[in-house]
Amino acid sequence: MARMKFLCDSERCIECNGCVTACKNEHEVPWGVNRRRVVTLEDGVPGERSISVACMHCTDAPCAAVCPVDCFYTTDDGIVLHDKDLCIGCGYCFYACPFGAPQYPQKEAFGVRGKMDKCTFCAGGPEGKDNSDEERQKYGKNRIAEGKLPLCAEMCATKALLAGDGDMVADIYRERVTKRSTRPQSWGWLTAYQEDV
Amino acid sequence: MRRHIGQAGAMAALVALITGCGVTVYEPGVYKGEKDPLLAMHAKPEHKAQLQERFTKGQAER
Numbered sequence: 001m002a003r004m005k006f007l008c009d010s011e012r013c014i015e016c017n018g019c020v021t022a023c024k025n026e027h028e029v030p031w032g033v034n035r036r037r038v039v040t041l042e043d044g045v046p047g048e049r050s051i052s053v054a055c056m057h058c059t060d061a062p063c064a065a066v067c068p069v070d071c072f073y074t075t076d077d078g079i080v081l082h083d084k085d086l087c088i089g090c091g092y093c094f095y096a097c098p099f100g101a102p103q104y105p106q107k108e109a110f111g112v113r114g115k116m117d118k119c120t121f122c123a124g125g126p127e128g129k130d131n132s133d134e135e136r137q138k139y140g141k142n143r144i145a146e147g148k149l150p151l152c153a154e155m156c157a158t159k160a161l162l163a164g165d166g167d168m169v170a171d172i173y174r175e176r177v178t179k180r181s182t183r184p185q186s187w188g189w190l191t192a193y194q195e196d197v
Numbered sequence: 001m002r003r004h005i006g007q008a009g010a011m012a013a014l015v016a017l018i019t020g021c022g023v024t025v026y027e028p029g030v031y032k033g034e035k036d037p038l039l040a041m042h043a044k045p046e047h048k049a050q051l052q053e054r055f056t057k058g059q060a061e062r
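First to last, the protein sequences are chains Z and A.
Per my numbering, the first sequence starts with residue 1, numbered consecutively.
Per my numbering, the second sequence starts with residue 1, numbered consecutively.
Structural data, given as structure tokens:
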């Protein structure tokens, strides 16, 4: 089995924020914490594109590389998870993550942030029993243990957001690109540098 | 004299206890927390097949 991956097809995303709502509702994510968010480029002008962003479960995760207490671990199929009992809320992972995935629930004096919270690919965390009350309270629901995939992708009305086996996700996306006969223009050289090189 | 020797011995034992004993050296970059029961479940091919079937039913093009 390949690694579990998220992919957001920007040609299909309509910025409905259904994925954000589904995530917050499923895991009862507190106010001020967004495990997933929709980012819109060129908002309101022709060429507008949106993408849904959360933890991308990196193969060589920079958050894990900088964690001073080594609270991150990766499952066999590449889901990056963390242990809130070990986390000291230092914020290093937040600075290291290129997607802004790590979130902190508290904003208090003296830089107290609370334990880091992030997308778990709906796979919970290292509690004694899957889908126990403790796990649900700390990490949210463990849908993977129930044989289900992340709710954000399963709720996506336009099937812009895909989550699952990386090979299967890639096959679907490749087929879409072939049918469109062009690659997405949302990012790449032209978008970044406005030059035809 | 005997009392002084006893106190010195107790002090030496206390210093050894504080400085030398019970120190655990951890390997850097290795996960230190509890083991996730999901890892064992993931290793089973039935579980992987279940997730793949779920993906095909829910997210593949119709």
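By construction, the Cβ of each residue, glycine as well, lies at the ideal position given by its N, Cα and C atoms.
Check: Supposed close pair A/His39, Z/Thr75 - CB separation, criterion 8 Å; Outcome: The question names His, but residue 39 of chain A is Leu in the sequence shown. Sure, about 6 Å apart at Cβ, within 8 Å.
Check: Contact set between the stretch 19-40 of chain A and chain Z, restricted to residues whose Cβ is under 9 Å from the partner; Outcome: Tyr26, Glu27, Pro28, Gly29, Val30, Tyr31, Lys32, Gly33, Glu34, Lys35, Asp36, Pro37, Leu38 and Leu39
Check: Through-space distance from Z/Gly125 to Z/His57, alpha-carbon basis; Outcome: 14 Å
Check: Reduced DSSP secondary structure (H/G/I, E/B, other) of Z/Asn219; Outcome: Summary: the structure shown does not reach residue 219 of chain Z, with chain Z confined to residues 1 through 197, and so no result is reported for it.
Check: Neighbour list for A/Gln52 in chain Z, Cβ cutoff strictly below 8 Å; Outcome: Met1, Gly164, Asp165 and Met168
Check: Rounded separation between Z/Asp206 and Z/Ile51 - CA only; Outcome: Residue 206 of chain Z is absent from the model: chain Z starts at 1 and stops at 197.
Check: C-beta neighbour in chain Z for A/Gln7, strict 8 Å; Outcome: no
Check: Z/Ile14 versus A/Glu53: straight-line alpha-carbon distance, rounded; Outcome: 27 Å
Check: Closest residue to A/Pro28 among Z/Lys118, Z/Ala192 and Z/Ala65 (Cα-Cα distance); Outcome: Z/Ala65
Check: Under 8 Å from the C-beta of A/His47: neighbouring residues of chain Z; Outcome: Gly147
Check: Collapsed DSSP secondary structure at Z/Asp43 in the structure displayed; Outcome: coil
Check: Chain A residues whose Cβ lies nearer than 9 Å to that of Z/Leu81; Outcome: Asp36 and Leu38
Check: Runs of alpha helix (DSSP H) lying entirely within the stretch 1-66 of chain Z, each at least 4 residues, in chain order; Outcome: 18-27 and 62-66
Check: Buried versus exposed call for Z/Met4 [16 or more other C-beta atoms within 10 Å across all chains shown]; Outcome: buried
Check: Three-state class that DSSP yields for A/Tyr65 in the structure shown; Outcome: Chain A is shown only over 1 to 62; residue 65 of chain A falls outside these bounds and no answer can be derived.
Check: For A/Gly6, the three-state DSSP class (helix, strand or coil); Outcome: helix
Check: Any chain A beta carbon closer than 8 Å to Z/Cys71; Outcome: yes
Check: Cβ separation of Z/Cys55 and Z/Val80, assumed to be a contact under 8 Å, to the nearest whole Å; Outcome: 7 Å
Check: Limits of the beta strand (DSSP E) - the one that Z/Gly164 falls within; Outcome: Leu161 to Asp165
Check: Z/Ala123: contacting residues in chain A (beta-carbon distance under 7 Å); Outcome: Leu38
Check: Reduced DSSP secondary structure (H/G/I, E/B, other) of Z/Asp77; Outcome: coil
Check: Assigned exposure category for Z/Lys107 - 16 Cβ within 10 Å defines buried; Outcome: exposed
Check: Z/Phe72 (DSSP reduced to helix, strand or coil); Outcome: strand
Check: Cβ pair count under 8 Å reaching 3, the stretch 35-49 of chain Z against the stretch 3-17 of chain A; Outcome: no
Check: For A/Asp36, three-class secondary structure by DSSP; Outcome: coil
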